[in-house]
Every structure is written in structure tokens, then in C-alpha cells.
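Trainee: Numbering (our numbering), first residue to last: 3 to 294. Yeah, the Cβ is synthetic: ideal placement off N, Cα and C, and Gly gets one too.
#1: Which same chain residues end up closer than 8 Å to residue 223 when comparing Cβ atoms and leaving out the 5 residues on each side of it in sequence?
#2: Using CA atoms only, rank isn't needed, just tell me which of 186, 266, 160 and 196 is closest to residue 245.
#3: CB-CB under 8 Å to residue 28, same chain, minus the five flanking residues each way: which ones, in chain order?
#4: List the endpoints of the continuous alpha helix (DSSP H) containing residue 122.
#5: Exposed or buried, what is residue 102 when buried is set at 16 or more other beta-carbons lying within 10 Å of its beta-carbon?
#6: Ignore the nearest five residues each way along the sequence and tell me which others in residue 37's own chain have a CB closer than 6 Å to its CB.
#7: Taking the runs of the alpha helix (DSSP H) that are 4 residues or longer, which of them lie wholly in the stretch 222–284?
#8: What residue ranges within the stretch 23–83 form continuous beta strand (DSSP E) runs of no fewer than 3 residues, ordered along the chain?
#9: From the DSSP output, in three-state form, read off residue 203 for me.
#10: With H, G and I counted as helix, E and B as strand and the rest as coil, what does DSSP make of residue 198?
#11: Which residue wins for smallest C-alpha separation from residue 25, given the options 107, 58 and 174?
#12: How should residue 99 be labelled, buried or exposed, when 16 other C-beta atoms within 10 angstroms of its C-beta is the threshold for buried?
#13: So which of 207, 209 and 64 has the shortest CA-CA distance to residue 142?
#14: Check residue 294 in the structure and name its three-state DSSP category.
#15: To the nearest angstrom, how far is the alpha carbon of residue 162 from that of residue 148?
#16: State the beta-bridge partners of residue 165 as determined by DSSP.
#17: Give the straight-line distance between the Cα atoms of residue 228 and residue 242, rounded to the nearest whole angstrom.
#18: Using a 10 Å radius around the Cβ and a threshold of 16 neighbouring Cβ atoms, would you call residue 20 buried or exposed?
#19: Buried or exposed: residue 57, going by 16 or more other Cβ atoms within 10 Å of its Cβ?
#20: How would you label residue 16, buried or exposed, when you count the other beta carbons within 10 angstroms and need 16 or more for buried?
#21: Ignore the nearest five residues each way along the sequence and tell me which others in residue 268's own chain have a CB closer than 6 Å to its CB.
#22: For residue 10, which residues from the same chain have a beta carbon less than 8 Å from its beta carbon, with the 5 sequence-adjacent residues on both sides left out?
#23: Within its chain, find whatever has a CB closer than 7 Å to the CB of residue 203; leave out the 5 residues flanking it on each side and keep chain order.
#24: Which residues in the same chain have their Cβ closer than 6 Å to the Cβ of residue 181, if we skip the five residues on either side of it in sequence?
#25: With DSSP as the reference, please indicate the residues paired to residue 156 in a beta bridge.
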């Protein structure tokens, strides 16, 4: 059951007024659309969870104030109720032994888009949290019309990305020069219709990518032949509001899908995930499967 706090509107105002900080890869765990990760302040590898490029999508931070267990996910409305249940159980699994504290949720993203997809997702998320048997306190509510700006009759989100500091619980607008590892592989997984996926094992401090399987992407050659305008119009939920790198990102993902029509052969022949750990510099480094 969701509990509203009066200060949520003030929080939204404060968040909107902050310029986006550039977050470098050291200590960062970047989360793509339809991915989530949970960790705690005890994590020696990851101190920041972050995600960006959200237009109609919403970024959700769920945190238990007692254990400090923190989850960040990037929701696009594909199966909101199931996704909220999943992140709730994930955060609670780290908070079972904590006798004090409460669950707090922060919702950021969306804008007044023409198709009202943002509004629909906002409503879905509020309803999904409201259906939870546990009390969830809504602390930050910076979504849809509260995250909207207008320029020459065109609407845009104010905040496209956020980061949460797992140690301090601070949430701030952010952009990320590095969105890896395996950015194309993870994007391909989304483009082929993935369900929400947990990518991080906090106990082992390891990032797990895959194994992912998909069928050959339909009409991939056709899409790669299209100009930027066609890709933007047909493969975006909000063509006018996308960040400038949207088309190059989609092209890169489509090229990857063309090169790997059968990931079970070329990417995951042993049916095992690609596993990464942070190295001494705080950057992701692949671990050989046989060493695990």
C-alpha cells in the first residue's frame, strides 16, 4: 500500500532544479531499460546505481531505510505489476533481518507526450505499489507533468536520467558517458522483447549478463537501410523528445542483431552468463567462467 508524503512536490521541484551530473564509470552500475539491480551500502564494488535515456519510461528507486538495500529499475510499461512485485521481493530479501526502517519509493521520468504513454505508466506504477501488502512511502514524485518542459510547442522531459548513491541514499539527475559492459548485447535483449531482468549479484559483487536467446530480428536489413527520420518515427515512443544519440544507438543494436541472429550459437554456446567484476580501478572486467 502506497503512502504519500506531502513533501513529494517540493522534492520534485528541488530535483528538477539540479543540473545533470556526469557520472564516470568508477564504482557505477549502469542499468538499461527493463533491467534492475539491488545492492546495499556494504557493497565494496558498486556505490552508484544509474540509468538514463528515459523519455516516456520511468526510473524507479526502491529503498529500505533500515538495511539500506537499494534497487534501481528502468520501467517502460511492458508488465508493470509483475515488475513492481519483483523489485519489492528483491529489496525485502536484503532487509529480512532488519527490525526497523521502512520502504521508500522514488519515481522520476516521463513528460506530457502526445500519446499519454507517460501518464499511463505513472498510473500503472502508483496502482502496482498500492496493491502491495507492505506499506511503501512515496518520497519523490517527479513524473509526467511534473517532469515536463515545453519549447516551441514541443514537450520534453526535464530529467532523462538519475543516479542513486547506495551509501548516502542521495538521488540526483545524471548522465553516463559509459553504459557498458555489453551495451549492444543488453540493448538487443530489450529490442527482442525481454522481460525485466536482474543483472547483479550483490553477495558476489558480480554483474551477470545473459544467457540471452532470441529469434532472428524481423526485417533487420530493411530497418538498417532506413534514414534517421524513419528510425526515429517508427522505433521511438516519443520521436521529438529523444536524446541526440538515440538513432545511432538503435542502429548499433540492429547491427548487433544482424551479426548474431542465433545468440545460442555465437554468444552463449555454453549457456552460461557473461560475468563481470570490478577491478582495482573500479571498472568492470570480465571473469572467465571456469574460474568461478
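Mentor: To lay it out plainly:
#1: Taking the chain shown and counting its residues from 1, one reaches residue 223 at position 221. 260, listed in sequence order.
#2: Here the question's residue 245 lines up with position 243 in the chain shown. Comparing Cα positions, the closest option is 160.
#3: Counted from its first residue, the chain shown places residue 28 at position 26. Once the five neighbours on either side are set aside, the close Cβ partners of residue 28 are 283, 284 and 285.
#4: Start at 1 with the first residue of the chain shown, and residue 122 comes out as number 120. Per DSSP, residue 122 belongs to the alpha helix (DSSP H) from 119–132.
#5: In the chain shown, the residue the question calls residue 102 occupies position 100. So residue 102 counts as exposed.
#6: On the chain shown, residue 37 is found 35 positions in, with the first residue counted as 1. Hits under 6 Å: 199 and 201.
#7: Complete alpha helix (DSSP H) runs here, min 4: 222–227, 230–237, 248–261 and 265–268.
#8: Runs of the beta strand (DSSP E) inside the stretch 23–83: 30–32, 37–41, 50–53, 60–66 and 72–77.
#9: Numbered from 1 along the chain shown, position 201 holds the residue referred to as residue 203. If DSSP states are grouped into helix, strand and coil, residue 203 belongs with the strands.
#10: Here residue 198 is taken as the residue at index 196 of the chain shown, counted from 1. It is coil, neither helix nor strand.
#11: On the chain shown, residue 25 is found 23 positions in, with the first residue counted as 1. Here the closest residue by C-alpha is 174.
#12: Taking the chain shown and counting its residues from 1, the one referred to as residue 99 is at position 97. Answer is exposed; the Cβ neighbour count stays below 16.
#13: As a first step, residue 142 must be located in the chain shown, where it is residue number 140. Among 207, 209 and 64, the Cα nearest to that of residue 142 is on 64.
#14: As a first step, residue 294 must be located in the chain shown, where it is residue number 292. Here the model assigns residue 294 a pLDDT of 44, short of 50, so the residue's position is not dependable and the matter cannot be decided.
#15: As a working note, residue 162 is residue 160 in the chain shown. As a working note, residue 148 is residue 146 in the chain shown. Our two residues, residue 162 and residue 148, have alpha carbons roughly 13 Å apart in a direct line.
#16: Against the chain shown, residue 165 aligns to sequence position 163. Answer by DSSP bridge pairing, in chain order: 52 and 174.
#17: Locating residue 228 in the chain shown gives position 226, counting from the first residue. Locating residue 242 in the chain shown gives position 240, counting from the first residue. So the alpha carbons of these two residues sit roughly 18 Å apart.
#18: As a working note, residue 20 is residue 18 in the chain shown. Label assigned to residue 20: exposed.
#19: On the chain shown, residue 57 is found 55 positions in, with the first residue counted as 1. Buried: at least 16 other Cβ atoms inside 10 Å.
#20: Start at 1 with the first residue of the chain shown, and residue 16 comes out as number 14. Classification of residue 16: exposed, given that the 10 Å Cβ count is below 16.
#21: Position 266 of the chain shown holds residue 268. 262, listed in sequence order.
#22: On the chain shown, residue 10 is found 8 positions in, with the first residue counted as 1. Only 140, 141, 142 and 143 meet the Cβ criterion.
#23: Walking along the chain shown from the start, residue 203 turns up at place 201. Correct list, in chain order: 210.
#24: As a first step, residue 181 must be located in the chain shown, where it is residue number 179. Within the same chain, residue 181 has close Cβ partners 32.
#25: Counted from its first residue, the chain shown places residue 156 at position 154. Residue 156 pairs with 153.
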